[in-house]
Amino acid sequence: MSLYSEWMELAQNAGRTQKENEQFWQQYFDHEKELYKQLLSDHETTYFGSFDTLADGFEWDHHHFIGFLDGINTSLKEPLDLDSIDHDTEITLDIDYEKLLFNMYEAKAPWLYELPEWDGVLDAEKRAEIFREWKASKVFVAEKKVGPNDPCPCGSGKKYKKCCGKLAD
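For reference, each letter of the sequence shown is one residue, going 15 to 183 in my numbering.
Take a look at the structure:
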């Protein structure tokens with residue numbers, strides 16, 4: 015079984031009680047927060063090495079570290095093939111920090127996007143712009159329907175009901 019499959023099985027509750035599940039995720043999120051503090055504080059560094067070396071360097075067990083990689087994968091400049099990662103796989107954590115912040119908003123993770131370490135990575139104006147972009151991505155805009163007396167969208171100059179609307183009847 016791949017490391018990623020093992021993580022998915024572990025993350026999907028694997029027989030834990032609700033209380034145990036809450037403790038599991040709270041411990042995960044606490045450790046994740048500390049790891050992001052480190053990455054943000056040292057944001058000019060691109061971390062690379064084998065999976066085991068990085069997991070050990072960040073002081074995370076391998077099952078939880080692959081979970082972290084799952085969470086950050088869409089924020090990497092070169093996403094990883096998580097299913098193929100084993101202990102010797104070379105990993106590069108080249109993070110797109112603007113995309114990372116956007117994804118943290120998307121995950122509704124205030125314990126991460128409110129970290130004070132963001133101040134050294136993106137200025138307040140840029141963070142506000144990313145927040146606005148994220149908010150705008152959640153707004154549904156209904157396409158305006160063509161009414162029978164509106165000009166036909168085909169550009170004929172006729173009313174819709176006398177042109178393409180006639181075909182729809």
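Glycine included, C-beta positions come from ideal geometry on N, C-alpha and C.
Go ahead and label residue i buried or exposed: buried means 16 or more other beta carbons lie within 10 angstroms of its beta carbon, across all protein chains shown.
i    : result
A69  : buried
H78  : buried
V135 : buried
M118 : buried
G171 : exposed
F116 : buried
S81  : The question names Ser, yet the displayed sequence has Gly at residue 81. Buried, by the Cβ-count rule.
W39  : exposed
E46  : buried
F65  : buried
W132 : buried
Does DSSP put residue i in a helix, in a strand, or in coil?
i    : result
L54  : helix
G161 : coil
E139 : helix
L129 : coil
F82  : helix
T106 : strand
G63  : strand
K175 : helix
L94  : coil
P167 : coil
E73  : coil
Using only CA atoms, which one of the options lies nearest to residue i?
i    : options                   : result
L49  : L94, G169 and L129        : L129
E98  : C178, G179, E20 and K180  : Per the sequence shown, the amino acid found at residue 98 is Ser instead of Glu. Ranking C178, G179, E20 and K180 by Cα distance to S98 puts E20 first.
D95  : K51, Y18, G71 and K176    : Y18
E147 : Y174, K113, C178 and D137 : K113
L107 : W132, D133, E58 and E139  : E58
K152 : A121, E131, T67 and D102  : A121
Output the distance between the C-alpha atoms of residue i and residue j, rounded to the nearest integer angstrom.
i    : j    : result
A25  : I105 : 22 Å
L54  : Y42  : 18 Å
D75  : P93  : 21 Å
D100 : S16  : 7 Å
D84  : G169 : 48 Å
Y174 : K158 : 14 Å
Fill in: Three or more C-beta pairs below 8 Å linking the segment 72–91 and the segment 157–167
No: fewer than three Cβ pairs fall under 8 Å.
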